[in-house]
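A.B. asks:
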Ligand SMILES: [Ca+2]
Ligand SMILES: [Ca+2]
Ligand SMILES: [Ca+2]
Ligand SMILES: [Ca+2]
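In the working numbering, the protein residues as written are 1 to 218.
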């Protein structure tokens, strides 16, 4: 699963630098040298080339609860390739960055509620993770977002829980970063977990994400 989410996002399919699927079966031709973490992607194209020994932990020690609302700026601690993957190590949040030392571009510009923050400057292939405790149930899941990139792309976010795909949100732009909308997944079964890991994988760029909520389906 790591391999699939780690494939470079540049659209380049040069078989000399990236794994390719053999035409006759599903064997992947792995990188055989220059692959520090032995995941099959050579270091020069691997967004997470090194195995990190940093520990992953909930932000400020507070595990998120499902059902409940998760503010997306409260992604886990542990740094790049452990708690998140971002295209660069800077927070690009300009005038109001949140967690300024980290690569995730959380910021407080054009938010829906004063004092809130969003995860912005998102690019395809980036991801963020949240340690969660879950109650088993069937949930409606709401993702709050904004985007003014009309015509660039529909939004798309894959949601995983302990590497199991819960679903993929798809949604239109809202016309302005200051105008928020909700993308929904409905009637999603969720198992009971203690310290499970919820992962959002961004599949399109230039969308701000504020929060995600899990509500028991009526
Ligand atoms: Ca590698
Ligand atoms: Ca960044
Ligand atoms: Ca980013
Ligand atoms: Ca937020």
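Glycine included, C-beta positions come from ideal geometry on N, C-alpha and C.
Within the present structure, is the beta-carbon of residue 180 separated from the nearest heavy atom of ligand 3 by less than 6 Å?
C.D. replies: No; taking the cut-off as 6 Å, the Cβ of residue 180 has no heavy atom of ligand 3 nearer than that.
A.B. asks: Quick check: what's the CA-CA separation for residue 207 versus residue 182?
C.D. replies: Going from the Cα of residue 207 to the Cα of residue 182 covers about 12 Å.
A.B. asks: Quick check: residue 220 and residue 146, are their CB atoms within less than 7 Å of each other?
C.D. replies: The structure shown does not extend to residue 220, since the chain is modelled only from 1 to 218, so the question has no answer here.
A.B. asks: To the nearest whole angstrom, what separates the beta carbons of residue 82 and residue 104, a pair I think is in contact under 8 Å?
C.D. replies: About 12 Å separates the two Cβ atoms, so there is no contact after all.
A.B. asks: Can you list the residues near ligand 1, meaning Cβ strictly closer than 5 Å to any non-hydrogen atom, in the order they appear in the chain?
C.D. replies: Qualifying residues come out as 35, 37, 39, 41 and 46.
A.B. asks: Helix, strand or coil for residue 181? Go by DSSP, reduced to three states.
C.D. replies: Three-state DSSP puts residue 181 in a strand.
A.B. asks: Apart from the five residues just before and just after residue 99, which ones in its own chain have a Cβ nearer than 6 Å to its Cβ?
C.D. replies: The residues are 106.
A.B. asks: Between residue 200 and residue 132, is the Cβ-Cβ spacing less than 7 Å?
C.D. replies: Their beta carbons are not under 7 Å apart, which means residue 200 does not touch residue 132 by this criterion.
A.B. asks: Return helix, strand or coil for residue 126, following the three-state DSSP convention.
C.D. replies: Coil.
A.B. asks: Just the Cα atoms here: how many angstroms apart are residue 115 and residue 30?
C.D. replies: Rounded to the nearest angstrom, the two C-alpha atoms are 46 Å apart.
A.B. asks: If you reduce the DSSP assignment to three classes, tell me which class residue 75 lands in.
C.D. replies: Residue 75: coil per DSSP, three-state reduction.
A.B. asks: What is the rounded straight-line gap between the Cα of residue 148 and the Cα of residue 177?
C.D. replies: About 5 Å.
A.B. asks: Quick one: does the C-beta of residue 105 sit closer than 6 Å to a heavy atom of ligand 5?
C.D. replies: As presented, the structure is devoid of ligand 5, carrying ligand 1, ligand 2, ligand 3 and ligand 4 as its sole ligands.
A.B. asks: Measure the alpha-carbon distance for residue 210 versus residue 202 and round it to whole angstroms.
C.D. replies: Their Cα atoms are separated by approximately 13 Å.
A.B. asks: List the whole-angstrom C-beta distance separating residue 37 from residue 47, where the pair is believed to meet the contact cut-off of C-beta under 8 Å.
C.D. replies: With 8 Å as the limit, residue 37 and residue 47 do not qualify as a contact, their Cβ atoms being about 11 Å apart.
A.B. asks: Compute the beta-carbon to beta-carbon distance between residue 167 and residue 185, rounded to the nearest angstrom, for a pair I have assumed lies under 8 Å.
C.D. replies: Indeed, because the Cβ distance is near 4 Å, the residues count as touching under 8 Å.
A.B. asks: So residue 34 is in the beta strand (DSSP E); what residue range does that whole segment cover?
C.D. replies: That residue, residue 34, is in no beta strand (DSSP E); it is neither H nor E in DSSP.
A.B. asks: In whole angstroms, what separates the C-alpha of residue 218 from that of residue 78?
C.D. replies: Taking the straight line from one Cα to the other gives about 36 Å.
A.B. asks: Measure the Cβ-Cβ separation of residue 189 and residue 111 and say whether it is below 7 Å.
C.D. replies: Not a contact, by the Cβ cut-off of 7 Å.
A.B. asks: Buried or exposed for residue 26, please, with buried defined as at least 16 other CB atoms from any protein chain shown within 10 angstroms of its CB.
C.D. replies: Confidence at residue 26 is low in this model, with a pLDDT of 48, below 50, so its placement is unreliable and the value that follows should be read with caution. The residue is exposed, with fewer than 16 neighbouring Cβ atoms inside 10 Å.
A.B. asks: Would residue 34 be called buried (16 or more neighbouring beta carbons within 10 Å of its own) or exposed?
C.D. replies: Classification for residue 34: exposed.
A.B. asks: Is DSSP giving residue 117 helix, strand or coil here?
C.D. replies: Three-state result, residue 117: coil.
A.B. asks: Around the C-beta of residue 24, are 16 or more other C-beta atoms found within 10 angstroms, so that it is buried, or is it exposed?
C.D. replies: Annotation note: pLDDT 46 at residue 24 (below 50); position unreliable, no value reported.
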